[in-house]
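Residue numbers for the sequence shown follow numbering that gives the first Met the number 0, beginning at 0 and rising by one. Backbone N, C-alpha and C fix where the C-beta goes; we use that ideal spot for every residue, glycine too. In what follows, a structure is listed as structure tokens, so that the remarks can point back to it.
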Amino acid sequence: MIRLDVTGLQETLQSQLNQIMAENTDVLTRAQKGEEKYADSLGWLNTEEWADGEKVSRIEEIAEKIRKTSDAFVLIGVGGSNNAARSVIEALRTPDAPEIIYAGNTLSANALNRMLKQLEGKDFFIDCIAKNFETLEPGSSFRLLRKALKERYGKDYASRVICTGTRGSRLDELCQEQGYEFIDFPLDIGGRFTAISNVGLLPMAVAGIDIRSVVQGAADMQKQLRSAPAESNDAYRYAALRNLYYRNGWKIEMLSSFEPQFRNFFYWWTQLFAESEGKDGKGIFPVTGEFTEQLHSIGQYIQDGENMIFETFLNVKEQQDSLVIEADEADDRFDYLNGKDFFDINKAAYEATLAAHAQKFPCNVIQIGRIDAYHFGQLFWFFQFACYVSCGIMGVDPFDQPGVEAYKVRMFNALGK
Ligand code: PA5
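This is the structure:
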């Protein structure tokens, strides 16, 4: 399970927090029920809707076919069509799984050429994941990869194309015209909330992740957070704390961890909060800290620079790996580490960092039992719900992203669309 702790909250802030929590209980109650005005975006609020037993079995079937016949699987998608699957795959993939290659997330000729090179001589499947199928990156990569498939398999290439799209979209029509396999991108979920659906789960299953555990983790978290009252609801407490810090001038949230396995999860979290909350001239700017490495770069600013950052640590409780440093005959002056396990050394670094940072600004700690498929499911649902509630307290619509369109209009004009 996961749990929220708070360190370094001054007494004056505690009373403000109590006030924010008391004033916004209706925001929580409305989110727990699901608001009518967001009906076209709340398909994730009930994990059963897009990840019931039947849908999960179908995903597993398709994944098994891909795993049996491929060395590689190309996930074509950007933003919400990529980040959730990639978070789990890069943290947990099994050695026997096909190589997972990412496309549709760049326009760089260099990166795309490297991606195509990686596929040379390999048997592969592609999955084009796109909600509206107008986004430039996945659309252009899909073309490149169809060509690569045709060159390798001739007219049989179509059996190696899967599209995760919305019913009635141009992608759906293409599947019917060309004979590609079509699976649903939920019509009532925006990209960044689609972890627990075909969008996130099929690539995870191809990579050998136990997707039933991911779904179970999310479902258990849903059950807890949709029923817990304000005072014992950790997502609500987290949302209220974020708003408290924001109102007191800490306008940047840093999500930090001492486990590099969370690197891609950081991308997912950053997108979730930036696109959901940053609008109408408001919003907490999300950044991430991959420690201990970045303690040697941004650590200086955090401790000593302008006081505008608050921090949320992801702390993993269970020891899942062990590596002990042995004595060495050379006098390298590291003998104080003799016999110590890296698990404990890393924990000492975490505890010291938390204590140092909490002297300057308040720190949240999200305690996580262990890093596995179940806890990724929990984290996805926890942050999605917390984000919905946090946006409610801040007074912004969590589910649109009007700001993303501004550059697209200029880019499409420049490209003659
Ligand atoms: O969360 C969102 O809605 C966006 O980030 C989308 O996921 C992203 O822009 C990709 O969109 P699409 O799947 O339509 O290509």
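Scanning its chain for C-beta atoms nearer than 6 Å, with the 5 sequence neighbours on each side dropped, one finds around N345 the residues F257, in chain order.
Of the residues assessed, A110 falls on the exposed side of the cut-off, its CB having fewer than 16 other CB atoms within 10 angstroms. In this structure, DSSP gives G394 a state outside helix and strand, which the three-state scheme calls coil.
In the three-state reduction of the DSSP assignment, M253 falls in the strand class, which pools E and B. A straight-line Cα-Cα distance of about 7 Å links A206 and T93.
Under the criterion of beta carbons closer than 8 Å, I392 and N314 do not qualify as touching, at roughly 25 Å. Restricted to the segment 80-110, the beta strand (DSSP E) segments that are unbroken, complete and at least 3 residues in length are 98-102, listed in chain order. Excluding five sequence positions before and after I128, the CB atoms of its chain that fall closer than 6 Å to its own CB belong to G76, S80, T163, V198, given in chain order. By the CB criterion at 8 Å, A71 and I100 fall inside the cutoff.
Secondary structure of Q318 (DSSP, three-state): coil. Sixteen is the threshold: since fewer than 16 other Cβ atoms of the shown chains lie within 10 Å of the Cβ of S107, the residue is exposed. Here the segment 355-372 makes contact with the segment 304-322; the two share three or more CB pairs at distances below 8 Å. With a cutoff of 7 Å, R191 counts as near the ligand PA5, since its C-beta is closer than that to a heavy atom of the ligand. Cβ-Cβ separation between A234 and V388: approximately 6 Å, consistent with a contact (criterion under 8 Å). Looking at the DSSP output, C127 shares a beta bridge with I75, C162. Nearest C-alpha to A351 among R66, Q302, E325, D371: Q302. Here L322 is near D340, since their CB atoms are less than 8 Å apart. Separation of the CB atoms of F381 and I88 is rounded to 20 Å, and the pair is thereby denied contact status at 8 Å.
Not one heavy atom of the ligand PA5 falls within 7 Å of the beta-carbon of N247. Here DSSP, grouped into helix, strand and coil, assigns D122 to coil. By the Cβ test, the segment 154-168 is not in contact with the segment 47-60, since fewer than three Cβ pairs between them sit closer than 8 Å. When secondary structure is reduced to three states using DSSP, T287 falls in the strand class. For V77, the shortest separation between its Cβ and any heavy atom of the ligand PA5 lies below 7 Å. Distance from the CA of I161 to the CA of Q221, rounded to the nearest whole angstrom, comes to 30 Å.
Residue state for D183 is assigned as strand, using DSSP reduced to three classes. Residue environment analysis places G376 among the buried positions, since at least 16 neighbouring C-beta atoms fall within 10 angstroms of its C-beta. Shown here, E258 sits in coil according to DSSP, grouped into three states, outside any helix or strand.
In this structure, D399 is the residue among F290, D399, W267 with its C-alpha nearest to the C-alpha of D187.
Straight-line spacing of the CA atoms in F141 and G338 works out to 52 Å. In the displayed model, R2 falls within a strand according to three-state DSSP. Counting only unbroken stretches of 3 or more residues, the beta strand (DSSP E) elements lying wholly within the segment 14-82 are 71-75, in sequence order. Judged by their CB atoms, P185 and G42 are nearer to each other than the 8 Å cut-off. In the DSSP assignment, Q9 falls outside any beta strand (DSSP E), carrying neither H nor E. If you look at V323, you'll find it isn't in any beta strand (DSSP E); DSSP assigns it neither H nor E. The residues D187, in chain order, have a CB closer than 7 Å to that of D39 in the same chain once the five nearest residues on each side in sequence are set aside. If you draw a straight line from the Cα of G120 to the Cα of D209, it comes to about 29 Å.
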